[in-house]
Structure formats: structure tokens, C-alpha cells
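**Student:**
There are 2 protein chains.
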Amino acid sequence: MGRWFKRQFEREGYEVLVSDRGTPLNNRDLAKRCEVIFVSVPMPVFGEVVQEIGPLLSEEQGLIDFCSLKKVQNELMLEASKAEVVAAHPLFGPGEKDLEGQKVAMWPSRGRRWFEWFRDFVEDMGGEAIVISPGEHDRVMAIVQVINHFMLLALGRLIEESGIAPDMLKSLATPSFARQLDIVARFADQDPYLYAAIQFDNPEGEEMRRSFLKHVQELADIASRKDLRAFVDLFRRVQGLGEHLKS
Amino acid sequence: MGRWFKRQFEREGYEVLVSDRGTPLNNRDLAKRCEVIFVSVPMPVFGEVVQEIGPLLSEEQGLIDFCSLKKVQNELMLEASKAEVVAAHPLFGPGEKDLEGQKVAMWPSRGRRWFEWFRDFVEDMGGEAIVISPGEHDRVMAIVQVINHFMLLALGRLIEESGIAPDMLKSLATPSFARQLDIVARFADQDPYLYAAIQFDNPEGEEMRRSFLKHVQELADIASRKDLRAFVDLFRRVQGLGEHLKS
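Residue numbers (this note's numbering), protein chains in the order written: chain A, 1 to 247; chain B, 1 to 247.
1. Quick one: list the residues of chain B neighbouring residue 19(A), beta-carbon separation under 8 Å, in chain order.
2. With distances taken from CA atoms, which of 39(A), 217(A), 153(A), 213(A) is nearest residue 232(B)?
3. Kindly indicate if chain B contains any beta-carbon less than 7 Å away from that of residue 200(A).
4. Going along chain B, which residues have a C-beta under 8 Å from residue 83(A)?
5. Give, in chain order, every unbroken run of the beta strand (DSSP E) that is at least 3 residues long and sits entirely within the segment 68-113 of chain B.
6. Would you tell me roughly how many angstroms separate the C-alpha atoms of residue 37(A) and residue 145(B), rounded to the nearest one?
7. Using DSSP with H/G/I as helix, E/B as strand and the rest coil, what is residue 121(B)?
8. Should the segment 103-113 of chain B be regarded as contacting the segment 148-166 of chain B, the criterion being three or more beta carbon pairs within less than 8 Å?
9. Along the chain, where does the beta strand (DSSP E) containing residue 129(B) start, and where does it finish?
10. What's the gap between the Cα of residue 227(B) and the Cα of residue 11(A)?
11. Name the chain B residues whose beta carbon is nearer than 7 Å to that of residue 209(A)?
12. Where are the alpha helix (DSSP H) runs, 4 residues long or more, that stay fully inside the segment 28-58 of chain B, in chain order?
13. What residue range does the beta strand (DSSP E) around residue 63(A) cover?
14. Tell me, to the nearest whole angstrom, how far the beta carbon of residue 205(B) is from that of residue 223(A); I am working on the premise that it is less than 8 Å.
15. Tell me which residue opens and which closes the alpha helix (DSSP H) that residue 148(B) is part of.
16. Less than 7 Å between CB atoms is the rule here; does residue 176(A) satisfy it with respect to chain B?
17. Reducing DSSP to helix, strand and coil, say where residue 204(B) ends up.
18. With a cut-off of 8 Å, do at least 3 Cβ pairs link the segment 130-143 of chain B to the segment 154-168 of chain B?
19. What number of angstroms, rounded off, separates the C-alpha of residue 181(B) from the C-alpha of residue 13(B)?
20. Using a 10 Å radius around the Cβ and a threshold of 16 neighbouring Cβ atoms, would you call residue 71(A) buried or exposed?
21. Which same chain residues end up closer than 6 Å to residue 16(B) when comparing Cβ atoms and leaving out the 5 residues on each side of it in sequence?
22. Within the continuous alpha helix (DSSP H) that includes residue 165(A), where are the two ends?
23. In whole angstroms, give me the CA-to-CA distance for residue 155(B) and residue 65(B).
24. Are the CB atoms of residue 158(A) and residue 244(B) within a distance shorter than 7 Å?
25. Give the straight-line distance between the Cα atoms of residue 123(B) and residue 53(B), rounded to the nearest whole angstrom.
26. Scan the segment 85-104 of chain A for residues whose Cβ lies nearer than 9 Å to a Cβ of chain B and list them as they occur along the chain.
27. Could you tell me whether any Cβ in chain B is nearer than 7 Å to the Cβ of residue 182(A)?
28. Looking at the structure shown, is residue 241(A) part of a helix, part of a strand, or coil, going by DSSP?
29. State yes or no: is the beta carbon of residue 242(B) nearer than 7 Å to at least one beta carbon in chain A?
30. Report the neighbours of residue 226(B) on chain A: residues whose CB is nearer than 7 Å to its CB, in chain order.
31. Can you give the Cα-Cα distance for residue 88(A) and residue 234(B), rounded to whole angstroms?
32. Taking Cβ to Cβ, would you say residue 113(B) is nearer than 7 Å to residue 129(B)?
33. Which of the three DSSP states is assigned to residue 190(B) in this structure?
34. With distances taken between CB atoms, is the gap from residue 103(A) to residue 91(A) smaller than 7 Å?
35. Give me the Cα-Cα distance between residue 51(A) and residue 197(A), rounded to the nearest whole angstrom.
36. Which whole-angstrom value is the C-beta distance of residue 19(B) and residue 27(B), which I expect to be below 8 Å?
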């Protein structure tokens with residue numbers, strides 16, 4: 001995503017310097033020469049990079065990260081530097097042509113100047129800035145990613161263990177379940193190690209998984225004792241929500 | 001669905017007699033006068049109807065039901081009559097124009113003649129006959145309906161209880177989760193009493209729900225102790241399945 005944003009900035013006339021393996025410039029060079037630094041690195045090395053450049057930055061410089069988790073990463077940036085900090089997460093991949101119609105979650109973690117500059121850049125290019133705090137971002141992602149993957153894995157395991165032929169399942173699928181199977185199939189194409197990191201690293205993941213487990217347990221008990229009243233109550237709560245979930 | 005099939009048969013030149021509330025003919029009249037009887041009634045009164053007409057039918061007549069569950073209903077038909085029995089379940093609603101492209105699950109529960117006649121009718125009209133035993137049908141439906149609804153309800157409850165604004169959830173949704181939210185929204189539009197019956201009445205529902213709960217528990221434990229090896233093993237099993245789930 002770092003290289004992708006470099007192209008977008010250069011297209012608008014910005015000078016962008018890059019430090020990566022094999023580049024003539026290193027992280028310290030950038031910290032000295034740039035007004036604003038984007039840290040777009042794999043999460044396992046993020047802390048190390050921030051600790052290297054953070055102390056070199058002044059209060060006038062900007063430090064912006066692209067990590068897909070935000071709470072812990074934001075705290076690392078605040079601790080390591082006096083710079084203005086923007087906690088950002090582009091909600092799309094480098095396969096997109098430009099920012100038109102794309103979303104970037106972001107938060108003015110320290111200062112407003114670089115936040116407003118980056119927000120305006122995204123919006124001027126036709127993108128959408130979603131302003132959300134690092135903690136809330138991770139909580140939302142704990143549902144969007146952690147729980148979504150979690151229930152797809154549980155469903156996949158159940159189907160596999162049932163011994164029912166996938167073809168029979170597809171033959172008898174309702175439109176709703178046919179869509180669900182399609183989501184499982186696309187999900188299963190992904191990299192297990194990336195998806196393990198998503199499960200394990202989100203600081204809100206554990207609580208959300210426990211909450212999902214609690215609801216599954218509660219529902220299983222209601223169905224087990226055929227408690228019509230409790231079931232209908234519960235269904236109506238979800239109906240109240242359903243109205244707001246329509247796309 | 002009874003009236004819907006009446007139109008399809010009449011279009012092909014069959015004479016169809018109907019017994020319903022307010023019709024001149026009653027169930028017993030039909031049992032005496034028809035070669036084959038379709039029982040298309042709400043499941044709570046199904047047993048009563050079958051016990052009324054079953055004993056009046058000869059070995060040459062056919063008895064076909066349209067219940068959305070099949071195991072118990074099929075046993076009722078076999079016990080109540082000597083007739084040939086076909087356990088059928090049209091997998092579509094009465095909003096469809098005709099049988100073209102529609103699926104009907106069916107099983108030759110006793111005898112072949114009426115089964116083959118009905119199967120050929122469905123296929124001649126462009127439909128698809130899916131031959132599946134009543135027990136297997138209910139097991140598949142326990143995933144297609146019971147578990148699908150079950151996990152959607154658990155997800156809905158989790159979202160509701162999290163207090164996260166649905167708009168923020170939609171803003172940060174990945175394509176996969178956006179599709180999931182859409183499934184929840186459509187699901188939530190349905191009748192809670194019908195969906196309670198689906199949960200409570202499927203004889204395989206309890207076991208499937210317990211199995212789903214077990215997998216959720218197992219996965220929560222794997223994630224809790226960040227057991228990468230167990231997670232990747234489990235993911236790979238679902239990957240093996242995913243290939244076969246593609247539509």
C-alpha cells in the first residue's frame with residue numbers, strides 16, 4: 001500500500017521518498033528529510049520501525065501508519081515520538097486504480113494539521129475518510145473480520161464433519177444458504193497464516209469470540225427447550241437491527 | 001403449493017380435484033376418486049389428514065406429500081396406508097411461474113410407479129428431481145436452514161449487544177462481511193414463528209446445533225491460546241471443502 005499511495009501523491013505533484021530493502025535512502029534519512037512519514041510495513045516489524053524513526057521526528061512533522069489494526073500501533077507511535085500522529089487504515093487493496101470511491105479509516109491521534117491534510121487529500125481524490133478512534137476501529141474489525149471468519153470456519157468444519165456431500169448441500173440450498181456457501185468458498189481461498197494473524201492479533205478478538213460463543217450457547221438452549229417466547233423475542237431484536245443493516 | 005401444482009397438472013391435461021375448507025369435496029371423497037393424492041397442508045395438521053385418508057387408499061394409489069420436513073412425515077404416511085408413497089419437497093415457493101429450472105426433492109418411499117410418474121412430470125416440465133431419502137433430506141436441511149438461521153441470529157445478537165452503530169459496521173465492512181450483513185438483513189425480514197418452527201421441528205436440528213456449538217467452542221479455544229498449528233490445520237480442512245462449495 002506504501003507504493004500504491006506513492007503513485008497517488010506523485011500524480012498530484014508531491015515529492016515522495018522511499019526507504020525499503022535495497023533503496024539508497026534508509027528510514028533515518030526519511031525522518032530527517034520528510035515533512036510527513038507514512039509507515040507501511042508488515043505489522044510484526046512495525047514497532048521496531050516506529051522506535052527507530054519516532055525519536056528523530058519533531059512536533060511539526062507528521063507520522064501516519066497504515067496498519068490494519070490500530071489501538072496498540074497508535075500507542076506505539078505516541079510513545080515513540082513527539083510528532084503529530086494519524087492512525088490510518090486504507091480499507092482496500094493495491095489492486096484498485098485510484099482513491100475514487102475507496103475508504104480510508106483515520107483518526108487525529110495527536111494534532112490536527114497532518115490529519116486534515118491527509119483527510120483532504122483522500123476526499124479531494126474522490127475517496128471517503130471514515131473518522132474512527134483506534135480502539136473503536138479494532139472493535140468494529142473484531143466483528144467485520146474476526147467474527148465473520150470465525151463463524152465461517154465453524155460452519156465449514158461442521159459441513160466437513162457432517163459427511164454430507166457438498167453437491168447435495170448445494171442442490172438443496174435456499175437462496176440465503178447458497179449465498180452463505182459462496183462466502184465460505186471465497187473465504188477458504190485465502191492464506192491461513194494471514195487469517196490466523198487476524199484472529200490472534202486483534203486486541204478485541206478474544207472478547208468478541210467469547211461473546212459470540214455465549215450467544216450461540218444461549219440460542220442452542222432456547223431451541224433445545226423449544227422456548228417459543230424467548231426465540232421470538234430474540235428474533236425481534238435482530239429484526240430491529242436488520243432494518244439498519246440493509247445496504 | 002397445492003394450488004400451484006394443480007395449475008401445472010391441469011395445463012398438461014390432468015383432472016385435479018381439490019379438498020379444502022369450503023370446497024364441495026372433502027378429503028375422503030378424494031381418497032375414493034383419485035389415482036394419486038397430494039397432501040399439501042400445514043405441518044401441524046399433516047398427521048391428522050394422513051390418518052384420515054391413509055386407511056382409505058389401496059396399494060395401487062399414490063400418496064405424495066409436500067412437507068418441508070420429511071423423516072417423521074414419511075413414517076406417518078407409511079404407517080397410515082398401504083398406498084405407494086413418495087416423500088417430496090418442492091424447493092421453491094408459489095411465486096415461480098412454472099417448473100422450469102426449479103428443484104423438487106423426492107424419494108420413492110414405497111413403490112416405484114407413482115415416484116417415476118411424478119419424477120418424469122417434474123423433469124418433462126424442465127424441473128430437476130433431487131432423489132434423497134427422508135432422513136438425509138432432514139439432515140441436509142438441518143444445515144441449510146437450521147444452522148444457517150442459527151448463526152445469523154447469533155451474529156445479529158452479537159452486533160446488537162456490541163452497541164456498534166450499524167452504519168460504522170457497514171462503512172468498515174470487507175466485501176465478505178458486507179455480503180454477510182446483507183444475508184442477515186434479508187433473514188431478519190422473515191416471520192419469527194415460521195423460523196421458530198424450522199429450528200424446533202427438524203429432528204436433526206438439535207444434533208446439528210450441538211455440533212456447531214462444539215466447533216465454535218473448539219475454535220475459540222484455539223484462538224485463545226494462539227495455537228497457530230491447530231488453526232492452520234483447521235483452516236486447511238475448510239479449504240479442502242471450499243473447492244467443492246463453489247457455485
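Glycine is no exception: its CB is placed at the ideal position from the N, C-alpha and C atoms.
**Tutor:** Let's see:
1. Simply none; closest approach about 30 Å.
2. 153(A)
3. yes
4. In chain order: nothing, as chain B lies at least about 26 Å away.
5. Entirely contained in the segment 68-113 of chain B, the beta strand (DSSP E) runs reaching 3 residues are, in chain order, 84-90, 103-110.
6. 51 Å
7. Residue 121(B): helix per DSSP, three-state reduction.
8. They do not touch, by the three-pair rule.
9. 128-131
10. Straight across, the Cα-Cα distance linking residue 227(B) with residue 11(A) is about 44 Å.
11. 220, 223
12. 43-53
13. 62-65
14. 7 Å
15. Where residue 148(B) is concerned, the enclosing alpha helix (DSSP H) stretches over 148-162.
16. Chain B contact via Cβ: present.
17. coil
18. no
19. 46 Å
20. buried
21. The residues are 6, 9, 10.
22. Secondary structure note for residue 165(A): it is in no alpha helix (DSSP H), with a DSSP letter that is neither H nor E.
23. 35 Å
24. no
25. 28 Å
26. 89, 91, 103
27. yes
28. helix
29. yes
30. 200
31. Straight-line spacing of the CA atoms in residue 88(A) and residue 234(B) works out to 32 Å.
32. no
33. coil
34. yes
35. 22 Å
36. Between residue 27(B) and residue 19(B) the Cβ distance is about 5 Å, and since that is below 8 Å, they are a contact.
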